[in-house]
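If you number the sequence shown the way the working numbering does, the last residue is 217 and the count never jumps.
Report on the following structure.
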Amino acid sequence: MWACQSTSVATAALWPTWQKRWGYESRHHFLGRSGAGRGRSDGRNEIMPRWRAFEPYFWSLVKKSSTGCWLWRGGTFGNGYGRVHFRGRRRPAHRVAWQLAHGRITPKLLCCHRCDNKLCVRPTHLFLGSQKDNMQDWTQKGFNRLVNDRTLWRTGDHHWTCQPAARLWRQKQSHKLRAQLRSGLRIVLRGANGRLLGTRMI
Ligand SMILES: [Zn+2]
């Protein structure tokens, strides 16, 4: 197994103390040996800082739009957020953008958008919040539902009922239902105290 040689890097003392372990997010993850076509050609392993190349690469994938949002033009996750390979993992691009601007994010914290644009990676449009903050943010932004974890799961942006085709289908169903009620083909069933039990064709 190749042992990491980066302990001899002169700037080691400058690194923040949180980068102690050799696992993910330690400085060893930023350092790689020179590969084919870069670094020395004499076969000696050279420590090569990868982080210098990353930021220009990252921002080269960003397009500044006229609305003020900086849109991610690279790959995306299935949920619509930008995706970028960073520190050995595929990570949400807006989260990486925040980290490039401000430093590490505590894993429990979410990186949220002020502009509600999933592809936006402009650091000034991003803020950190807990899951609770994020849900309160949702309710303030007009998602006027009783919000809890389960609601979030059932009604989130990616739930099938929130997809345009499914939404149209539901609207069509409800229009049909109302038409049937209006025409008397369908009646409303009510239980004791007028409790709504449902509807039924007659
Ligand atoms: Zn934005």
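For glycine and all other residues, C-beta sits at the position ideal for the given N, C-alpha and C.
| Asked | Found |
| --- | --- |
| With distances taken from each beta carbon to the nearest heavy atom of ligand 1, which residues come in below 6 Å, in chain order? | C84, C130, N132, C135, R137 and H140 |
| In three-state DSSP terms, what is L124? | coil |
| Mind pulling the beta strand (DSSP E) runs of 3 or more residues that sit fully within the segment 84 to 147? | 85 to 87, 98 to 101, 104 to 107, 125 to 128 and 141 to 144 |
| So, is H190 buried or exposed, given that buried needs 16 or more other C-beta atoms within 10 angstroms? | exposed |
| Who are the Cβ neighbours of E70 in its own chain at under 7 Å, not counting the five residues just before and after it? | L115 |
| Under 8 Å by Cβ, that's how I've got L200 and T214 pegged, so tell me the actual separation to the nearest angstrom. | About 10 Å; that fails the 8 Å criterion. |
| With H, G and I counted as helix, E and B as strand and the rest as coil, what does DSSP make of L212? | strand |
| So the alpha helix (DSSP H) L196 belongs to, where does it begin and stop? | P179 to S198 |
| Along the chain, where does the beta strand (DSSP E) that runs through L204 open and close? | R201 to R205 |
| Measuring only the C-alpha atoms, how far is D148 from K79? | 28 Å |
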